[in-house]
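J.: If you use the UniProt record's numbering, the sequence shown closes out at 163, no skipped numbers anywhere. Note that beta-carbon positions come from the ideal geometry of N, C-alpha and C, so glycine has one too. Nothing here was measured: the structure is a model prediction, and the numbers come from that model. The following block contains the structure, expressed as structure tokens.
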Amino acid sequence: MSEDNRRDERQGLAVRLFGRALHVYFVLTRSMTIGVRAACFDGEGRIFLVRHSYIAGWHMPGGGVERRETVEQALEKELREEGNLVISGKPQLFQVYFNNHTSKRDHVVFYRVEVTQTAPRKPDREIVESGFFPVDALPPGTTKATYRRLEELEGASAPSSYW
Numbered sequence: 001m002s003e004d005n006r007r008d009e010r011q012g013l014a015v016r017l018f019g020r021a022l023h024v025y026f027v028l029t030r031s032m033t034i035g036v037r038a039a040c041f042d043g044e045g046r047i048f049l050v051r052h053s054y055i056a057g058w059h060m061p062g063g064g065v066e067r068r069e070t071v072e073q074a075l076e077k078e079l080r081e082e083g084n085l086v087i088s089g090k091p092q093l094f095q096v097y098f099n100n101h102t103s104k105r106d107h108v109v110f111y112r113v114e115v116t117q118t119a120p121r122k123p124d125r126e127i128v129e130s131g132f133f134p135v136d137a138l139p140p141g142t143t144k145a146t147y148r149r150l151e152e153l154e155g156a157s158a159p160s161s162y163w
């Protein structure tokens, strides 16, 4: 294994451990965690997805809501950070989900938004890939939760209470 590959492997492990430690911190310091995610569509009707370094699969962008931050402020921040995305118009609140896969107290506020991208998102330690995809041609590895949310948005199934 080359030195570059070993360094990349160490960095990936460090990022995953940091993510886990951060989640443990939130569990210990908050009675409930809340996050935001969004189905982000461009002018061509394509959806923006990200692939993280610390969790498998393609996901809709999002993240945690911090203290003294509104849900919409967190949404704007996360879309900017994860995709160089700017929301066009008013975000449409779709559903609030209980994410019992993460913990017994995690909730996700889910929006549908129209966006523009100010510049392509360069890979880094958190986001290793991102891009816009036609809804009928999502990349291999797109998560089941992403497919479920899209079905709900299209009206093909009723919104669940669980992520």
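Can you give me the C-alpha to C-alpha distance between F98 and G57, rounded to a whole angstrom?
T.: Computed Cα separation, rounded: 20 Å.
J.: Going along the chain, which residues of its own chain have a beta-carbon closer than 7 Å to the beta-carbon of F133, five neighbours each way excluded?
T.: R46, I47, L49, P139
J.: Tell me whether the beta-carbon of G62 lies closer than 8 Å to the beta-carbon of A39.
T.: no
J.: Determine the extent of the beta strand (DSSP E) in which L79 is found, giving its start and end residues.
T.: Per DSSP, L79 belongs to no beta strand (DSSP E); it is in the alpha helix (DSSP H), 71-83.
J.: Between V86 and V115, which are expected to be in contact by the criterion C-beta below 8 Å, what is the C-beta distance as a whole number of angstroms?
T.: Contact between V86 and V115 holds: CB atoms are separated by about 6 Å, below the 8 Å threshold.
J.: Terminal residues of the continuous alpha helix (DSSP H) containing T146?
T.: 144-154
J.: Enumerate in chain order the residues of its own chain whose CB-to-CB distance from V135 is below 6 Å, with the five nearest sequence positions on each side excluded.
T.: I47
J.: Which residue from V113, S130, H59 puts its Cα closest to that of G43?
T.: Among V113, S130, H59, the Cα nearest to that of G43 is on V113.
J.: Beta carbon of K78, beta carbon of V108: below 8 Å?
T.: A quick correction: the sequence has Glu, not Lys, at residue 78. It is not a contact, given that the beta carbons lie outside the stated cut-off.
J.: Taking the straight line between their C-alpha atoms, what separation do you get for L153 and P120?
T.: 26 Å
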